[in-house]
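The next block holds one structure in the form of structure tokens; read it before the comments.
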Amino acid sequence: MNSSHQGAFDCFLKLLEEYGQDYLVKVLRRSTSFEGTGLCDVCPKDKKSPATSVCLDCNELMCSTCVGYHRRTSASKEHKLNELTAALTDKCQVHPSIYLKSYCPQCDVLVCERCMVDTHKGHVDAWKDAITAAEDLKCKLNGIIDEIKDISLNKHSIEKEEKEQLADLDEQRQRAKQAIDTRVDEVCKLAKVCAEKAKEEVDKAYLDIKLQLQITNKITSLEKQLKAYENMVNDASVSSVVKNHTEWETSLKEMLDTHSPTSPVPVLRFQTITWAETAIQQAMGAVVIGEITPTLITQHQLQCSKDPKEWPSAVDSMPGGDVVVGTWCKADKTKQRIIICSSTGDIKKEIKVTGLRGLTVLRDGTIAATVWDGSTQEVRIYTKYGGMMSSFKCSTPGRITVNHEGHMVVMDDRTDTCGKVMVYHTDGTQIRVFTDTSSKPVQYTKYITTTPSCDVIISDPNDRCIRVYTPEGQLRYTYGGEGVMKGSHGVCVDEDGTIFISDLHADNIHQVSPAGQFMRYVLTAKDGLWKPIAVCINQEGHLVVAQNDGWIKTYKYK
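The working numbering applies: residue 60 is where the sequence shown begins, and numbers increase by one.
Structure below.
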């Protein structure tokens, strides 16, 4: 054996030792060429003809004669055959005489059989026939092309949706400009209020300084006091002087410091800030583009009675993520209940509460519920295990919430246009009461919540709006009304003061700024929303929605 053959044989033995017999068999099976010429895999070993095609189903090279037999055989006549002349035209740059007949997906390149045992050794399980690989890649690309074609086919519906979106965009622009104008008015009003306060501070400072400067009027009384001290000092005995000189000296020095004409004279002025423009910009707010699309996190459906009909009427969240739902049954009050369940719908506790009107979760994880059943009109405190801890009388109680100070706020459920908003300590001691007035006859229960600053928000289905009050009961502003909302029901506020209002009859939820400006429809019927009746923000800051059909859905909205 000459030296060149000996070197090749040593290389072969090294590959055999390193990768094993099975590996080399696979490589050699793929290598059916002599100096890069592919031979037919079907012809007898001693009479192989040059391959002209490849069968993608059998993964075999074939000459023109065998291709004819292959196409006429019933078992293989449907197989896909590709001509090699059109497919395999590139040769290896490292081994110029050998065609690139294989594809390595791991490296995303075409390789020859020598590269398969050299630079691509170990990638054997990933190899593909070059033509098969090209067909797979073509199929993938054609799939993307088909998706693009679908866009063209749906041009009419896309144009329609585009027109709707552009019309909605025009409305958004107008609402944004209106919000800016409204904010300008609010900032101007706020500036005027601040100006009045500053003027009051100027007047107060003026009087203080004036009092300090008016020494002349005090000199007469000073002279009398000084004459008395002078007589007392000069007429005092030795022992009296020794005994009282410290007290007299202190008093005389105070008189001297107070009435001395050499005391510094304060200067009264109004100092402006250099960053006024920045402060105004912050007060005005900012333009926001591209809000996050809400993501449905969890959903489950409560098993409610259908005859008589029972449906969710209130929802709140407990520490730890459990959901508390109150149900309403107009035909049979005994079916009303409080349901405590996990976020995925596993029921942990049911509490039967005849005459249930509303509920809220207190800071300690207990549940406050309003009950109106005939003469029984009260607020009850339940543990999460269903035991009633305490109760207190409350006239005609309706919806209930808890503010950031831990006080319970109850909306009465009378049909009078003037309803009472009652604020209580958890022990039942009443803190204050103020009046909420509807412009239309009250037929439907009002909803209630509070902001981080303890403002009270009343959602009024009768007037189709919300009214926002200061903690003391002064009306700040109203949002909604006919043409804006079809039915204002559940309402809640997140930690930023953003307000969420469920519009039961429009199948959407309004997102409103703390200043009362429309921001967006955070959820609509397009998101699968149907008759949202109650809402709350859970401990994770997600929006929980209770639908009229019993579905409880949790969304991430920011």
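We treat Cβ as the ideally placed atom computed from N, Cα and C, and that holds for glycine.
Which of helix, strand or coil DSSP assigns to M481: strand
From A593, S108, P103, residue whose alpha carbon lies closest to that of S372: A593
Got a sec? Which residues, its chain only, sit under 6 Å from S561 by beta carbon, not counting five neighbours each side? H548, G549, I568, P591, V594
Taking a contact to mean a Cβ-Cβ separation below 9 Å, would you say A134 touches M121 in this structure? no
If you draw a straight line from the C-alpha of S310 to the C-alpha of M291, how long is it? 13 Å
Helix, strand or coil: which one does DSSP assign to A390? coil
Straight-line gap, K499 to L582 (C-alpha atoms, nearest Å): 28 Å
Can you give the Cα-Cα distance for V101 and Y128, rounded to whole angstroms? 10 Å
Do you know how far the Cα of A264 is from the Cα of D566? 57 Å
Thinking Y616 and I356 are a contact (beta carbons under 8 Å), I'd like their distance in whole angstroms, please. Wrong, their Cβ atoms sit about 10 Å apart, outside the cutoff.
To which residues of the same chain is H601 closer than 8 Å at the C-beta, ignoring the five residues directly before and after it? I356, T613, Y614, K615, Y616
Can you list, in chain order, the residues of its chain with a C-beta nearer than 7 Å to that of T529? Leave out the 5 residues immediately preceding and following it. D514, R535
Paired residues, beta bridge with I440 - DSSP: A427, S449
Starting from the C-beta of R523, find all residues in its chain whose C-beta is less than 8 Å away, skip the five residues before and the five after it, and write them out in chain order. G539, G540, E541, V543, M544, K545, G546, S547
Kindly give me the distance between the Cβ atoms of V552 and I525, rounded to whole angstroms, as I take these residues to be in contact under 8 Å. Their Cβ separation, rounded to whole angstroms, is 11 Å, which puts V552 and I525 out of contact at 8 Å.
Tell me which same chain residues have a C-beta within less than 7 Å of the C-beta of Y503, skipping the five on either side of it? P520, N521
What runs of the beta strand (DSSP E), each 3 residues or longer, lie entirely inside the segment 96 to 141? 112 to 114, 119 to 121
In the structure shown, what three-state DSSP assignment does E94 receive? For E94, the predicted model reports a pLDDT of 38, less than 50, meaning its position is unreliable and no value from the coordinates is stated.
So which of Y158, R328, C117, E172 has the shortest CA-CA distance to V261? R328
Within a Cβ cutoff of 6 Å, which residues of the same chain sit near T510, ignoring the five residues on either side of it in sequence? V552, G556
Here's the rule: buried if 16 or more other CB atoms are within 10 angstroms of the residue's CB, otherwise exposed. What is L200? exposed
Please tell me whether, using a cut-off of 8 Å, the distance from the CB of L120 to the nearest non-hydrogen atom of the ligand SAM is below it. With respect to small molecules bound, the structure shown includes none, and the ligand SAM cannot be examined in it.
Helix, strand or coil for E554, going by three-state DSSP, please let me know. coil
Note down, one range per segment and in chain order, each beta strand (DSSP E) of at least 3 residues found wholly within the segment 140 to 220. 140 to 142, 161 to 163, 168 to 170
By Cβ distance, which residues of its chain are closer than 7 Å to T460, with the 5 residues on each side in sequence left out? T419, V468, I507, T508, T509
Check whether the Cβ atoms of V384 and M377 lie closer than 9 Å to each other. no
When burial is assigned at 16 or more other CB atoms within 10 Å of the CB, is I203 buried or exposed? exposed
Compute the Euclidean distance between the alpha carbons of D167 and I190, then round it to the nearest angstrom. 14 Å
Going by C-alpha distance, which of G445, Q598, D586 is nearest T352? D586
Using the Cα positions of H463 and C453, report the straight-line distance between them to the nearest angstrom. 21 Å
Enumerate in chain order the residues of its own chain whose CB-to-CB distance from H466 is below 7 Å, with the five nearest sequence positions on each side excluded. V482, Y483, H484, I490
Beta-carbon separation (whole angstroms), C163 vs V153, contact threshold 8 Å: Actually they do not touch by this definition, with Cβ atoms about 14 Å apart.
Run the CB neighbour count on S156, radius 10 Å, all protein chains shown included, and call it buried at 16 or more, exposed below. exposed
Please go through the same chain and pick out, in chain order, the residues whose beta-carbon is closer than 7 Å to the beta-carbon of S449, but skip the five residues on each side of it. I440
Rounded to a whole number of angstroms, what is the C-alpha to C-alpha distance between G478 and H215? 52 Å
Let's see if you can read the secondary structure: which residues bound the beta strand (DSSP E) around S618? The question about residue 618 has no answer, for the chain in this structure spans 60 to 617.
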